[in-house]
Amino acid sequence: MVGKELVIQRNGPVDIREIAAKATLREVRQSGHPYVELRRVGKRVIFFCTICLTECFSDNVLFDHLKGNLHSRRYAEAKVTLFGPMPWPFNDGVLFFNNSREKDPLLLDSSSQTTRELALVPQPGISGNDTEVTSKLRDGSSSCNGAKGERNCAKGCASGRVAAISEDRVLSNCGTDGPLVIPGVLLKDVVSDLPVHLLGYGNISYRICEGNKNCKKISKIWCAWVGQEGSHGSDCCNTYEQSGFAIVNFSYTHDLGRKWSSDEQDLSVSAGSFFVIDDAGHRGKRLKKSFSDEEASSEESNGQSSSPQGSSQAIVTGSPTGTSHNLQVGLLSSKSVRRELRKQKRIAAEKVCDICGRPMLPGKDVATLLNCNTGNLACSSRNSSGAYHLFHTSCLLHWTILCQYEMLTDQLVSKGKSNRGRKAKNAPKKTKITSIFCPECQGTGTHVKGDELEKPSISLSEMFCFKLKAIEAHKAWLKSPEVLENCSTGLHFPTEHLENSEEKVMPLKSIPFYAADG
Numbered sequence: 004m005v006g007k008e009l010v011i012q013r014n015g016p017v018d019i020r021e022i023a024a025k026a027t028l029r030e031v032r033q034s035g036h037p038y039v040e041l042r043r044v045g046k047r048v049i050f051f052c053t054i055c056l057t058e059c060f061s062d063n064v065l066f067d068h069l070k071g072n073l074h075s076r077r078y079a080e081a082k083v084t085l086f087g088p089m090p091w092p093f094n095d096g097v098l099f100f101n102n103s104r105e106k107d108p109l110l111l112d113s114s115s116q117t118t119r120e121l122a123l124v125p126q127p128g129i130s131g132n133d134t135e136v137t138s139k140l141r142d143g144s145s146s147c148n149g150a151k152g153e154r155n156c157a158k159g160c161a162s163g164r165v166a167a168i169s170e171d172r173v174l175s176n177c178g179t180d181g182p183l184v185i186p187g188v189l190l191k192d193v194v195s196d197l198p199v200h201l202l203g204y205g206n207i208s209y210r211i212c213e214g215n216k217n218c219k220k221i222s223k224i225w226c227a228w229v230g231q232e233g234s235h236g237s238d239c240c241n242t243y244e245q246s247g248f249a250i251v252n253f254s255y256t257h258d259l260g261r262k263w264s265s266d267e268q269d270l271s272v273s274a275g276s277f278f279v280i281d282d283a284g285h286r287g288k289r290l291k292k293s294f295s296d297e298e299a300s301s302e303e304s305n306g307q308s309s310s311p312q313g314s315s316q317a318i319v320t321g322s323p324t325g326t327s328h329n330l331q332v333g334l335l336s337s338k339s340v341r342r343e344l345r346k347q348k349r350i351a352a353e354k355v356c357d358i359c360g361r362p363m364l365p366g367k368d369v370a371t372l373l374n375c376n377t378g379n380l381a382c383s384s385r386n387s388s389g390a391y392h393l394f395h396t397s398c399l400l401h402w403t404i405l406c407q408y409e410m411l412t413d414q415l416v417s418k419g420k421s422n423r424g425r426k427a428k429n430a431p432k433k434t435k436i437t438s439i440f441c442p443e444c445q446g447t448g449t450h451v452k453g454d455e456l457e458k459p460s461i462s463l464s465e466m467f468c469f470k471l472k473a474i475e476a477h478k479a480w481l482k483s484p485e486v487l488e489n490c491s492t493g494l495h496f497p498t499e500h501l502e503n504s505e506e507k508v509m510p511l512k513s514i515p516f517y518a519a520d521g
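Using my numbering, you'd call the opening residue of the sequence shown number 4 and step up by one each time.
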């Protein structure tokens with residue numbers, strides 16, 4: 004037998020199923036499925052197919068999924084846009100799956116405080132490489148394995164270094180290759196300057212159909228990743244106009260972008276919590292709960308008043324006996340659990356992308372908008388605390404593309420129709436998007452005077468319709484994407500065929516992508 008045997012050195016608790024899952028993941032990725040990853044749901048480790056957004060709870064289910072019709076169809080769609088010589092450098096868990104910065108799948112979970120070791124050790128009598136390969140994880144540290152791992156680690160470390168930047172150098176315009184600083188950003192409960200470095204550019208283009216009588220309709224609009232090298236070419240500098248906004252990428256953590264109050268920071272691990280929100284965004288019950296929330300909620304729904312007998316089911320195990328004391332404990336417990344549940348639901352909602360409604364997972368790529376003209380984050384004009392909203396990187400990109408589409412469509416309509424006449428005057432006014440803005444607070448990052456903040460101009464119902472429009476248009480794009488040389492993502496708006504029409508592909512904007520240092 005040729006190969007190596009997996010040897011587990013027990014310096015702490017080891018989950019055999021987790022080790023087997025990571026071995027399966029390595030095998031699957033080596034077989035050409037880099038979009039498959041591991042996620043933790045409660046105490047279980049499951050497989051997740053990013054391009055299909057499908058959970059697989061065992062290796063057999065995963066293999067069946069990879070052979071199924073759904074995966075075959077989605078893979079054929081993704082192959083046209085997401086696989087290429089220059090892939091998107093993001094891993095947001097909903098569309099992009101670049102795992103070059105991901106830790107070795109063989110390494111165990113670094114969240115544990117115990118020291119655990121996993122080694123691949125050649126056994127006597129087994130031929131092959133005589134070098135012992137050992138991967139260790141101690142207290143959250145990791146090491147690079149092999150020459151390829153060292154190259155990837157060196158690349159990641161180089162991009163993560165913060166360059167020496169003078170305090171007075173603040174970002175005033177996007178598109179420069181050097182390190183930049185964004186002022187007034189909330190970082191770890193402190194408002195400070197945020198150093199960022201340029202990742203590359205995305206070129207936004209669209210396909211327009213021109214028919215008779217000056218009838219023009221946009222059927223597709225997309226963003227193609229050109230990286231840093233493509234940004235210096237004549238295509239970007241001369242053909243594509245520089246966008247007034249940029250996308251700033253972060254690695255997600257629960258406290259990123261907002262300031263937590265002292266009573267909210269430890270909610271996810273609170274001992275009294277009835278519900279627990281895991282890293283995959285699922286809600287589960289704790290194994291040890293001291294009271295029944297179902298019975299308390301049923302009493303509330305039926306309008307029953309609390310009594311010593313009814314509240315005895317909400318008494319903490321081992322509490323002192325006594326009717327009056329039990330009643331008091333029961334009332335306090337039911338109030339505290341409802342308060343705790345409300346906080347837990349709020350925490351869970353804040354972990355969800357406001358565009359697609361899917362959870363944002365720790366370590367995955369999320370992003371916010373940057374106003375290139377003012378050098379401020381888009382949300383800065385809607386609050387004075389330095390807070391900002393985060394979304395999946397791909398979702399925010401789709402929102403940016405939708406804003407460009409709405410503005411471009413409005414220009415085409417205004418040129419083709421006259422504002423004169425009774426019908427034009429009596430026509431209902433449609434809400435127009437006149438700028439790219441944050442899809443949650445509608446901030447643009449413009450300069451504000453004193454305490455006067457920017458006011459939103461679009462209602463919540465209309466915002467919901469715009470977000471739904473972006474989601475549906477991207478689904479249509481997956482079914483009928485534009486075939487390009489570069490990796491891309493976009494929106495598709497199916498239109499009726501125009502007689503004697505001519506289709507053209509037109510360049511629009513070049514949008515910069517930055518990554519936060521540190």
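Note that the Cβ used here is the ideal one computed from N, Cα and C, for glycine as well.
What did DSSP end up calling residue i once you bin it into helix, strand or coil?
i: residue 209; result: strand
i: residue 396; result: helix
i: residue 368; result: strand
i: residue 491; result: strand
i: residue 456; result: coil
i: residue 218; result: coil
i: residue 435; result: coil
i: residue 223; result: strand
i: residue 261; result: coil
i: residue 387; result: coil
i: residue 416; result: helix
i: residue 443; result: coil
i: residue 496; result: coil
i: residue 243; result: coil
i: residue 157; result: Because the pLDDT at residue 157 is just 39, under 50, the model does not fix this residue reliably, and the value given afterwards should be weighed accordingly. In this structure, residue 157 counts as helix in the three-state DSSP scheme.
i: residue 23; result: helix
i: residue 2; result: Only positions 4 to 521 of the chain appear in this structure, which leaves residue 2 out of reach.
i: residue 477; result: helix
i: residue 449; result: coil
i: residue 36; result: coil
i: residue 272; result: Low per-residue confidence applies at residue 272: pLDDT is 33, beneath 50, and the placement is therefore not dependable enough to give any value.
What residues match up with residue i in a beta bridge as DSSP calls it?
i: residue 374; result: 248
i: residue 255; result: Answer is none; residue 255 lacks a bridge partner.
i: residue 514; result: 205
i: residue 198; result: 184
i: residue 362; result: 355
i: residue 505; result: 213
i: residue 193; result: 190
i: residue 228; result: 205
i: residue 380; result: 373
i: residue 519; result: 199
i: residue 472; result: DSSP output for residue 472 lists no bridge partner at all.
Could you check whether residue j and residue i sit closer than 9 angstroms to each other, using their CB atoms as the reference points?
i: residue 250; j: residue 225; result: no
i: residue 384; j: residue 477; result: no
i: residue 466; j: residue 210; result: no
i: residue 199; j: residue 518; result: yes
i: residue 448; j: residue 380; result: yes
i: residue 31; j: residue 39; result: yes
i: residue 368; j: residue 96; result: yes
i: residue 213; j: residue 455; result: no
i: residue 219; j: residue 415; result: yes
i: residue 401; j: residue 492; result: yes
i: residue 261; j: residue 189; result: yes
i: residue 386; j: residue 444; result: yes
i: residue 51; j: residue 222; result: no
i: residue 93; j: residue 252; result: yes
i: residue 446; j: residue 382; result: yes
i: residue 442; j: residue 514; result: no
i: residue 201; j: residue 516; result: yes
i: residue 511; j: residue 243; result: yes
Is any heavy atom in the ligand GTP found nearer than 8 angstroms to the beta carbon of residue i?
i: residue 368; result: Because no ligand of any kind appears in the structure shown, any question about the ligand GTP cannot be addressed here.
Please give me, in chain order, every unbroken run of the beta strand (DSSP E) with length at least 3 that falls completely inside the stretch 40-110. 47-52, 57-59
Three or more beta-carbon pairs under 8 angstroms between the stretch 432-439 and the stretch 409-416, yes or no? yes
Three or more beta-carbon pairs under 8 angstroms between the stretch 77-89 and the stretch 475-489, yes or no? yes
On the three-pair Cβ rule with 8 angstroms, is the stretch 86-101 touching the stretch 61-69? no
Can you find at least 3 beta carbon pairs, one from the stretch 454-464 and one from the stretch 50-58, that sit closer than 8 angstroms? no
Taking contact to mean at least 3 C-beta pairs separated by less than 8 angstroms, is the stretch 373-380 in contact with the stretch 242-256? yes
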